[in-house]
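Here is the structure we will look at.
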Amino acid sequence: RKIATRPIFMSSMVQCPVIATAYDPKEQILILTANGKSLEPQKDVLLNSCGFDVEEDRFLIYGCQDVPGFDAVARGEAVPLDVVQPGIVKMTLDIIKKNPRIAGILLECTELPPYADALRAATGLAVWDAITGADFYINAYKDNPRFGLNDWQAEWDGVQDEYQFGQELIEADRRELVNKVDNKKPGAAPKTKSKAKSKAAMEKIKKQLIKQQAPSLGVVRLDYNYPPAYGDIDCPGSYDYDVIYRCVPGLTFEMAQSGKMTFAVQKEFEAAIKYLEGKGVSGITGDCGFMMAFQPLARDIAKVPVFMSSMVQSPMISVAFDKYDKILILTANSMTLQPQKEILLSQCGFDVDDDRFVIVGCQDVPGFDEVAKGGKVDVEKVTPGMIKLALEVLDQQPSLRAILLECTELPPYSDALRMATGLPVWDAITCADYFISSRKDNPRFGLNDWQFDWDGVQDEYTFGANVPKNEMRYMKNKA
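Heads up, the sequence shown is in my numbering, so the first residue is 2 and it goes up one at a time.
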């Protein structure tokens with residue numbers, strides 16, 4: 002991190018703070034590693050390096066060293082996936098049976114992602130690994146095809162360059178390698194024959210699994226109606242998975258900003274969380290960053306990950322950069338966010354370093370005042386002003402290395418900011434995508450045909466649609 006200016010994530014463990022924030026403190030996270038005995042002594046070092054305090058009872062470390070076939074990892078041989086997969090699944094189910102408070106799974110070893118889909122299918126829990134971690138950081142640089150600026154970034158051609166161990170080294174450095182390069186068989190890996198009975202075991206697991214619905218997102222909405230733009234968290238077109246909305250009668254922007262709900266509104270908020278869980282959502286967020294104040298309450302009710310604000314990404318962004326690098330937080334109005342800064346960031350599960358987070362409001366960007374008025378924002382008109390603001394801040398703060406958009410109406414400008422600044426940009430949509438990915442089939446590897454594909458069609462939603470009729474009378478903004 003001291004050398005690089007780009008995000009550094011040397012282990013999947015950097016995801017720990019974000020995962021922990023999304024669950025109630027009483028719930029546990031299972032960490033699977035290649036060898037539990039070798040990781041346990043390093044637990045405090047690894048987790049402390051991720052920027053938050055270690056809670057011994059929250060993180061349960063188990064090694065896979067005794068899973069039949071997985072010993073090939075220690076020998077540096079090709080792992081027979083069809084042999085190992087049933088064993089990984091069985092071991093995990095046994096662990097969960099003994100530890101029913103486990104709510105999520107993190108695969109620490111970089112050779113464990115091939116089993117992530119099988120674990121998602123078998124346990125119904127969110128599973129993170131080295132690939133979800135890499136995707137989180139790469140997506141912050143990547144064009145979002147669903148909204149925002151288009152044609153600013155060349156598409157990946159879908160072809161990976163061939164790689165042979167040690168090829169990037171000069172000949173003198175190759176001679177220093179402990180594991181020598183095999184020039185006779187470049188890139189060749191030892192092959193192992195799969196046993197028929199192991200294939201049958203894997204097929205048996207697949208048959209036992211009931212094909213699951215595609216993951217969906219639940220969004221708790223303020224009692225506030227406005228025309229959302231593409232990219233806005235309240236626009237269904239912002240996602241490539243199903244989204245279900247539930248308004249909380251009486252929860253106005255002013256109440257959310259205060260960080261306190263009345264007793265009656267709190268009951269409505271609790272009902273909204275329960276409603277979304279009842280619909281089978283895979284994660285729950287809010288349509289206003291100030292809902293971060295209600296994160297503990299939502300976590301206490303929900304069994305799925307809760308991320309009420311894009312601010313939950315703060316520790317995972319922070320840990321990827323040097324302590325002297327700064328992160329720009331853009332918000333709708335800096336005057337309203339600044340007083341809540343410590344509360345919002347502290348709820349993310351790590352100590353707040355005031356010097357690292359630079360908060361800048363967009364209230365003076367031409368055209369963005371429509372947000373405060375509850376009107377329709379002209380994204381095309383606002384974009385140049387948003388870019389100008391970001392570039393001016395960068396001139397004043399040259400040590401800025403990343404941008405986080407706190408306001409849920411700012412994602413439409415993410416692509417433009419990525420192009421203009423060259424910096425990674427995270428927002429409410431990257432946050433939702435990250436958590437949904439932990440419940441989503443990875444089509445590139447692992448178990449297949451265990452989850453239905455999203456049909457590509459969002460259900461129509463009108464403000465207040467999912468609020469019971471007898472509670473509609475409590476709404477401040479009438480549907």
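Virtual Cβ for every residue (Gly too), placed ideally from N, Cα, C.
Model, not experiment: these values are computed from the prediction.
The Cβ neighbour count for S310, taken over all protein chains shown within 10 Å, is at least 16; the residue is labelled buried. Taken through DSSP and simplified to helix, strand or coil, Q398 comes out as coil. Between the C-alpha atoms of M293 and L338 there is a straight-line separation of about 12 angstroms.
By the criterion of at least three beta-carbon pairs nearer than 8 angstroms, the segment 464 to 478 is in contact with the segment 220 to 227. Within a 10 Å sphere around the beta-carbon of Y325 sit fewer than 16 other beta-carbons, which makes this residue exposed. Taking 8 angstroms as the cut-off, the Cβ atoms of M14 and E109 count as close. Within its own chain, the residues whose Cβ lies closer than 8 angstroms to the Cβ of F322, once the five positions on either side in sequence are excluded, are R2, P8, I9, I328, R402 and A403, listed in chain order.
In summary, Y164 is exposed, with fewer than 16 beta-carbon neighbours lying within 10 Å of its beta-carbon over all protein chains present. Between the segment 146 to 163 and the segment 107 to 122 there are fewer than three C-beta pairs closer than 8 angstroms, too few to call the two in contact. DSSP places D416 inside the alpha helix (DSSP H), whose first and last residues are S415 to T422. Per DSSP, A5 is not a residue of any alpha helix (DSSP H), being assigned neither H nor E. In the structure shown, C432 adopts helical secondary structure according to DSSP, grouped into three states.
The alpha-carbon separation between F358 and P399 amounts to approximately 13 angstroms. For D243, the pairing in a beta bridge is given by DSSP as S217. As computed with DSSP, L178 is found in no beta bridge at all. The closest CA to that of Q213, considering only T93, D450, S259 and I103, is found on D450. Fewer than three Cβ pairs drawn from the segment 404 to 413 and the segment 242 to 260 lie within less than 8 angstroms of each other, which leaves the two stretches out of contact. In this structure, L411 places its C-beta atom within 8 angstroms of the C-beta atom of D428.
With a beta-carbon spacing of about 6 angstroms, V220 and I234 fall inside the 8 angstroms limit used to define contacts. Secondary structure within the segment 11 to 46: the alpha helix (DSSP H) runs of 4 or more consecutive residues, fully enclosed, are 17 to 22 and 37 to 40 (chain order). Pairing R59 with V19, the inter-Cα distance amounts to about 13 angstroms.
Between the C-alpha atoms of R300 and F436 there is a straight-line separation of about 14 angstroms.
Non-local beta-carbon contacts of G232 in its own chain, meaning distances under 6 angstroms to residues more than five positions away in sequence, involve F148, G149, S239, P412 and P413 in chain order.
Residue range G284 to G287 is occupied by the beta strand (DSSP E) that includes T286. Taking every protein chain shown into account, the CB of S438 has 16 or more other CB atoms within 10 angstroms, so this residue is buried. DSSP places R222 within a strand segment (E or B) once states are collapsed to three.
With respect to the 8 angstroms criterion, L40 and I103 are not classified as neighbours on the basis of their beta carbons. Using a Cβ distance threshold of 8 angstroms, A23 and C65 do not count as a contacting pair.
Nearest neighbour of D460 by Cα position, chosen from I89, I245 and A127, turns out to be I245. Taking every protein chain shown into account, the CB of I4 has fewer than 16 other CB atoms within 10 angstroms, so this residue is exposed. According to the DSSP assignment, L252 belongs to no beta strand (DSSP E), since it is labelled neither H nor E.
Cβ-Cβ separation between G105 and P367: approximately 43 angstroms, too far for a contact (criterion under 8 angstroms). Around the Cβ of F446, a 10 Å sphere holds fewer than 16 other Cβ atoms; the residue is exposed.
With a beta-carbon spacing of about 13 angstroms, L448 and D130 fall beyond the 8 angstroms limit used to define contacts.
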